Amino acid sequence: MAANETHTILARPVFDAPVKLLIVVAPYYKDIADQLVAGAKAEIEAAGGTWDLVEVPGALEVPTAIAISDRLSNFDGYVALGCVIRGETTHYDTVCNDSSRALQLMGLQGLCIGNGILTVENRDQAVVRADHTGQNKGGGAAAAALHLIALTRKWGGKPRDMGFRPSEDYRIADGGLA
Numbered sequence: 000m001a002a003n004e005t006h007t008i009l010a011r012p013v014f015d016a017p018v019k020l021l022i023v024v025a026p027y028y029k030d031i032a033d034q035l036v037a038g039a040k041a042e043i044e045a046a047g048g049t050w051d052l053v054e055v056p057g058a059l060e061v062p063t064a065i066a067i068s069d070r071l072s073n074f075d076g077y078v079a080l081g082c083v084i085r086g087e088t089t090h091y092d093t094v095c096n097d098s099s100r101a102l103q104l105m106g107l108q109g110l111c112i113g114n115g116i117l118t119v120e121n122r123d124q125a126v127v128r129a130d131h132t133g134q135n136k137g138g139g140a141a142a143a144a145l146h147l148i149a150l151t152r153k154w155g156g157k158p159r160d161m162g163f164r165p166s167e168d169y170r171i172a173d174g175g176l177a
């Protein structure tokens with residue numbers, strides 16, 4: 000970041016009822032992942048929230064773990080953490096694009112997700128961004144999830160069902176009731 004560059008940081012949201020987040024991390028680069036997690040935990044705790052932590056093999060599995068949790072658990076929001084460093088092949092592009100796209104699609108469906116999966120050119124960039132006493136991208140991802148949770152609660156809680164859903168007594172092709 001240039002010395003003369005400024006950024007706006009939103010005030011931490013305040014909650015009337017407790018919030019619980021799931022931190023999903025891919026610890027492929029363990030030292031970087033640990034810094035991201037430290038920042039996320041600190042931000043969640045500063046907002047009075049609680050967290051659980053799960054590890055998955057890589058950044059591509061982070062969205063899947065969040066989707067499974069959304070179906071089977073009761074978290075208010077999610078923090079997606081990991082690091083993808085450009086290598087010699089196009090695998091970097093696939094991992095960055097697909098993990099980000101999956102998280103974005105779930106967000107558009109109403110999940111409160113902060114995306115802290117770093118996508119960098121080299122290890123030095125990752126270290127600077129992950130440092131929980133510096134750029135603190137893990138804390139920033141947790142803050143994003145907390146803000147989305149606050150908006151969800153402000154506007155009425157759980158998302159409404161959207162799209163086509165057959166009624167309980169729809170008929171199947173053979174004319175019988177389903």
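Letter by letter, the sequence shown follows residues 0 to 177 of numbering that gives the first Met the number 0.
Just so you know, even glycine gets a beta-carbon here, dropped at the ideal spot from N, CA and C.
This structure is a prediction, so every number in the text was calculated from the model and none was measured.
Remark: C-beta atoms of residue 78 and residue 39 approach each other more closely than 8 Å.
Assignment of residue 59 by DSSP, reduced to helix, strand and coil, places it in the coil class. Residue burial annotation: residue 108 is exposed, with fewer than 16 other C-beta atoms found within 10 angstroms of its C-beta. Look at the beta carbons and you see the segment 88-98 not touching the segment 36-56: under three pairs across the two are nearer than 8 Å.
With a 10 Å radius around the Cβ and a threshold of 16 neighbouring Cβ atoms, residue 103 comes out exposed.
Check the Cα spacing between residue 110 and each of 8, 145, 48 and 46: the tightest is with 145.
As computed with DSSP, residue 52 is found in a beta bridge with 22. Sixteen is the threshold: when 16 or more other Cβ atoms of the shown chains lie within 10 Å of the Cβ of residue 118, as they do, the residue is buried.
By the neighbour-count definition (other C-beta atoms within 10 Å, threshold 16), residue 123 is an exposed residue. Per DSSP, residue 78 is one residue of the beta strand (DSSP E) stretching across 76-84. Collapsing the DSSP output to three states places residue 13 in coil. Fewer than three Cβ pairs drawn from the segment 27-34 and the segment 66-76 lie within less than 8 Å of each other, which leaves the two stretches out of contact. Our two residues, residue 16 and residue 47, have alpha carbons roughly 9 Å apart in a direct line. Here residue 113 really is in contact with residue 143; their C-beta atoms are around 4 Å apart, less than 8 Å.
Separation of residue 139 and residue 21 (C-alpha to C-alpha, rounded to the nearest whole angstrom) is 15 Å. Contact check for residue 115 against residue 35 passes: the beta carbons are separated by less than 8 Å. When the alpha-carbon of residue 136 is set against those of 81, 12 and 76, the nearest one is in 81. Excluding five sequence positions before and after residue 19, the CB atoms of its chain that fall closer than 6 Å to its own CB belong to 49, 74 and 75, given in chain order.
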